[in-house]
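Notes to accompany the following structure.
In the working numbering, the protein residues as written are 582 to 799.
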């Protein structure tokens, strides 16, 4: 209910701002007509008689928009824009959190496997232990794949919001994480790219990107 009420409040502010702009444009049009010597006498009379009401209408509309903004607690136009596109910004923040977790898991996997894969000479018992460790590490791969799939789905949601104009103008969708070759961790791999995720946000909150914090919350 609070989310719905918040969305309604934002819409009220946006509508009030739009109405104030419309009133301003009407007032400007009347003033221009009154100053235009080429306009007919009837137009001049209409503009002159309509100006007082237009000025009052603009004043009232501005005051209402300001009152609604103050009641909402939002006076910054940038913050208001974010509220208007709250679904986009929420999805983008969640996607970045997922990507940070995915990177962390891939790094852990690489650091655990590298000593095993670099080993050339081992006794039989050492090789067996390494094989068991390698199998244990690889058993985590389905979880990594699932995380990558969740990220790509969130990325698709962001792309849809942009396509349907439910995101700020100029917003760019993040690129998907490829399902093949994800474990290579080359410097140019998509997993390191943050296009469409970091234009305005800082570091994602720990409850989004750190599994230990997430476990503690649960």
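Beta carbons: idealized from backbone N, C-alpha and C, even for Gly.
Roughly how many angstroms separate the alpha carbons of residue i and residue j, rounded to a whole number?
{"i": "residue 735", "j": "residue 748", "result": "14 Å"}
{"i": "residue 724", "j": "residue 753", "result": "28 Å"}
{"i": "residue 603", "j": "residue 595", "result": "12 Å"}
{"i": "residue 743", "j": "residue 729", "result": "21 Å"}
{"i": "residue 597", "j": "residue 750", "result": "21 Å"}
{"i": "residue 773", "j": "residue 689", "result": "15 Å"}
{"i": "residue 737", "j": "residue 652", "result": "35 Å"}
{"i": "residue 726", "j": "residue 776", "result": "21 Å"}
{"i": "residue 759", "j": "residue 684", "result": "13 Å"}
{"i": "residue 612", "j": "residue 745", "result": "38 Å"}
{"i": "residue 741", "j": "residue 623", "result": "51 Å"}
{"i": "residue 757", "j": "residue 620", "result": "59 Å"}
{"i": "residue 592", "j": "residue 667", "result": "12 Å"}
{"i": "residue 761", "j": "residue 678", "result": "21 Å"}
{"i": "residue 625", "j": "residue 617", "result": "8 Å"}
Quick one, are the C-beta atoms of residue i and residue j less than 9 Å apart?
{"i": "residue 778", "j": "residue 682", "result": "no"}
{"i": "residue 732", "j": "residue 676", "result": "yes"}
{"i": "residue 755", "j": "residue 686", "result": "no"}
{"i": "residue 739", "j": "residue 627", "result": "no"}
{"i": "residue 634", "j": "residue 615", "result": "no"}
{"i": "residue 665", "j": "residue 601", "result": "no"}
{"i": "residue 632", "j": "residue 590", "result": "no"}
Reducing DSSP to helix, strand and coil, say where residue i ends up.
{"i": "residue 760", "result": "coil"}
{"i": "residue 774", "result": "coil"}
{"i": "residue 617", "result": "coil"}
{"i": "residue 755", "result": "coil"}
{"i": "residue 750", "result": "coil"}
{"i": "residue 745", "result": "coil"}
{"i": "residue 666", "result": "coil"}
Taking 8 Å as the cut-off, is the C-beta of residue i nearer than that to any heavy atom in the ligand GDP?
{"i": "residue 649", "result": "Looking for the ligand GDP in the displayed structure turns up nothing, as the structure carries no ligands at all."}
Check whether the region 633 to 651 touches the region 602 to 614, counting contact only when three or more Cβ pairs, one atom from each stretch, lie closer than 8 Å. With the cut-off at 8 Å, the region 633 to 651 and the region 602 to 614 touch.
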